[in-house]
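In the numbering used here, the protein residues as written are 675 to 1267.
Notes follow once the structure below has been shown.
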Amino acid sequence: MTIESFLTNEFCKAIENLYSQTIDIKQVQIQKTKKDFNGDYTVNVFPFLKISRKSPEQTATEIGEFLKHNSKEINNFEVIKGFLNISFSNSFWINKLNETLLPIQTNTIDKKNILIEYSSPNTNKPLHLGHIRNNLLGHSLSEILKENGNKVTMVNLVNDRGIHICKSMLAWQKWGNNITPVEAIKKGDKLVGDFYVLFDKEYKKQISDLLSKGKTQKEAENEAPLILEAREMLQKWEAHDTEVLELWNKMNGWVYAGFEKTYNELGITFDKIYYESKTYGLGKDEVLKGVTTGALIKKEDNSICADLTSDGLDEKVLLRSDGTSVYMTQDIGTAIMRKNEFNADEMVYVVGNEQNYHFQVLKLVIKKLGYNWSDKISHLSYGMVELPEGKMKSREGTVVDADELIEEMYSTAKSISEELGKLDGIPENEKEEIIRMVGLGALKYFILKVDPKKNMVFNPKESIDFDGNTGPFIQYTHARIKSVIRKANEAGINIPKNISENTEINENEKSIIKLITDYNNIVFEASSELNPAIIANYTYSLVKEYNHFYHNCSILKEENSEIQSFRLLLSNSTAIKIKDSMKLLGINVPERM
RNA sequence: GGUUCCGUAGCUCAGUUGGAUAGAGCAACAGCCUUCUAAGCUGUGGGUCGCGCGUUCGAAUCGCGCCGGAAUCACCA
């Protein structure tokens, strides 16, 4: 039972006894007491004045007195205006701390089979900061959902086909002189990305050429020779033309090798990887089937659409007039395939908010096709990562490349630790490992501490901090605690298995216990909100509180042995919670730094 | 133009089942290492919570209207 529900019960009993009325537990609003006031939890008595027929102060005082005398866990209260601030006894808190040391029973009540899709890169350009946010969110959410006892399957869907891929293929064919990543001394994804950019450049030239010949913008875009060639290539691809397929396999192979390296650096993994090239066919079949059932309509130019006007949306094309598929087509196929394969209770898509419309349409079309599970699809719509001057633009070269950023994080971590001399005397390979941990920790925490739904700003000039509310600060606190524990071991001081409930504790220590006790609630909240930032903010407040304690109270030099062992245990428990929380964010913590 | 989202300190962000005096970090300034790791701790300054109206005991939080920004409304992905 949580502390909140325990307190709610006690409160209801008090109301019944004092005023002979039963109340709905939903009316009882419990919150943690604000720092400036005495108490652990606060109940607002305003909603109960009609029952008590007394002033707020009088009502709160009566209830407070009742609780204090009838509940052994509650030992004090204070009334300010209509707020009843309730304090639990120290022994109550010590018992709570002892409970956290018991083996954990995983919550199996809400256990679900959840499929989560994230990453979903295109194979025409390298990964950038926006993809990093996606990957980190997806990985962290998977960890959080697992921690809540769910069965989680992480999948990636690679967009490896489509007109965009043909563009880079065409450009390589025309101007590449058969160059390979090895010859270019470049990661494969980077090389392919270069050709995508080159296509765009040449295409734009042709468009402005046609514009000067009097064509409209739309005509120019549709009639430029390059785009016609790219479309032709896509048709050949869908017709399994051997030459096109060979080129496509070769270039995609380069890209996968490049992505693999970036995923490895970030610690991103998947249980299964889908390829759009293998799923779009099913989508096509489903769409054609939809025409025969009358769910979809075939136009006179042979294109196939879903009429969504009754849902307040427009018509959505699902197959082009030349018979080729669009992005939506494969997503329909993939969703159906997965549902059949995993029979998931929930299918979560981690995809940017620029695709909100896409998912609205996807759910509607799937429903139209006769599948009743369309409401099991949920879109974790995360915000864009922007620069101070706005969106990242590849044309202006302002895109923050994933590999370069990661590399920069390592070198910053390295120069900071060298400057501080923290890693002197540590073996070279361990040093290297710590530096990578800290650099990555800074990056990951920076991204994950922000509410996923919101857009966020990254300033390349200021880069990412290593002080204050950052990953390294949290990692540092963990290392500090570990250092104390090592010293305790050396001195032969043991960490106890539990604490006597009569141990004297101060306010500072009590605050830490409260935070440690709150861990399960926080994980549950993060899971139901699909929000890793909740974990990040929690960890920060725990660490902040611990450092305050560390500064004010000595541990190993404490003479009272009962207090000393309590403080050791408290420190150890804090370290465990830091490590657990950071794991949920995909961040490792070092033993020393 | 339609739809959706956002607007909190100079900057980056917390804070909404409506609650007490709106919080952190960075940046600036001033202190704290003969004492368990100073990537730390303490303090100072910094706010019309975009603006207005409403709902009520009470609004950063809910409703309506403006202003400003973003995304999207492709036979692109």
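Where is the CB? At the ideal position from N, CA and C, for every residue including glycine.
The structure presented is a predicted model; accordingly, all values stated were derived computationally and were not measured.
Is the segment 810 to 825 close to the segment 849 to 863, with three or more CB pairs under 8 Å? no
Given a cut-off of 7 Å on the beta-carbon distance, is the pair residue 870 and residue 910 in contact? no
Cα-Cα, which of 1051, 680 and 713 is closest to residue 1181? The option with the nearest alpha carbon to residue 1181 is 713.
Using only the alpha-carbon positions, how far apart do residue 988 and residue 904 sit? 28 Å
Closest to residue 862 by C-alpha separation, out of 804, 880, 799 and 817, would be which residue? 799
Okay, do the segment 923 to 943 and the segment 975 to 985 touch, 3+ Cβ pairs below 8 Å being the bar? No, the segment 923 to 943 does not touch the segment 975 to 985.
Are the CB atoms of residue 718 and residue 703 within a distance shorter than 7 Å? yes
Just verifying my parser: in three-state terms, what is the DSSP assignment at residue 1178? coil
So, under 8 Å CB-CB, residue 813 and residue 942 are touching, yes? Tell me the CB distance rounded to an integer number of Å. 6 Å
Would you call the CB atoms of residue 1129 and residue 1062 closer than 7 Å? no
Just list the residues that DSSP pairs residue 980 with in beta bridges. Looking at the DSSP output, residue 980 shares a beta bridge with 990.
Any idea if residue 1131 is buried or exposed, counting beta-carbon neighbours within 10 angstroms, 16 or more meaning buried? Classification for residue 1131: exposed.
Specify the secondary structure class of residue 965 as computed by DSSP and reduced to three states. helix
Inter-residue Cα distance where the pair is residue 1187 and residue 1098: For residue 1187 and residue 1098, the distance between alpha carbons rounds to 34 Å.
Taking the straight line between their C-alpha atoms, what separation do you get for residue 960 and residue 1003? 9 Å
Measuring straight from C-alpha to C-alpha, what distance separates residue 804 and residue 864? Between residue 804 and residue 864, the C-alpha separation is close to 16 Å.
Only counting runs of 4 or more residues, tell me where the alpha helix (DSSP H) segments fall wholly within the segment 775 to 862, in order along the chain. Counting only runs of 4+ residues, the alpha helix (DSSP H) found wholly inside the segment 775 to 862 occupies 803 to 821, 837 to 849 and 855 to 858, in chain order.
So is residue 699 buried or exposed if we call it buried at 16+ other beta carbons inside 10 Å? exposed
So, under 8 Å CB-CB, residue 907 and residue 1011 are touching, yes? Tell me the CB distance rounded to an integer number of Å. In this structure residue 907 is not in contact with residue 1011, their Cβ atoms being roughly 26 Å apart against a cut-off of 8 Å.
If you measure between the beta carbons of residue 1016 and residue 789, is that distance less than 7 Å? yes
Classify residue 1049 as buried or exposed, calling it buried when 16 or more other Cβ atoms lie within 10 Å of its own Cβ. exposed
Applying the criterion that 16 or more other CB atoms from any shown protein chain within 10 Å of the CB defines a buried residue, is residue 743 buried or exposed? In summary, residue 743 is exposed, with fewer than 16 beta-carbon neighbours lying within 10 Å of its beta-carbon over all protein chains present.
Same chain, Cβ closer than 8 Å to residue 953, neighbours up to 5 away in sequence not counted: 831, 1004, 1007, 1008 and 1011
Beta-carbon contacts of residue 837 that lie in its chain and below 8 Å, excluding the five residues immediately before and after: 904, 905 and 908
Is residue 751 helix, strand or coil when you go by DSSP? strand
What does the alpha-carbon distance come out to for the pair residue 940 and residue 967? 46 Å
Pick helix, strand or coil for residue 1075, following the three-state DSSP scheme. Secondary structure at residue 1075: strand, using DSSP grouped into helix, strand and coil.
For residue 910, which three-state DSSP category applies? Correct three-state label for residue 910: helix.
Beta-bridge pairing of residue 716 - partner residues as DSSP gives them: 705 and 759
Over what stretch of residues does the beta strand (DSSP E) that includes residue 1021 continue unbroken? First-last of the beta strand (DSSP E) with residue 1021: 1020 to 1026.
Buried or exposed, going by whether 16 or more other CB atoms sit within 10 Å of the CB of residue 639? For the chain, the structure presents residues 675 to 1267; residue 639 sits outside this window and is missing.
Assigned exposure category for residue 835 - 16 Cβ within 10 Å defines buried: With 16 or more Cβ atoms within 10 Å of its Cβ, residue 835 is classed as buried.
Indicate, with yes or no, if the ligand NAP has a heavy atom lying under 6 Å from the CB of residue 1263. Annotation note on the ligand NAP: not contained in the displayed structure, which lists no ligands.
Nearest-angstrom Cα distance between residue 875 and residue 839? 16 Å
Cutoff 6 Å; reference residue 1185; Cβ partners in own chain excluding five residues on either side: Excluding residues within five positions, the ones whose Cβ falls inside 6 Å are 1219.
For residue 829 and residue 887, what's the separation of their Cα atoms in angstroms? 48 Å
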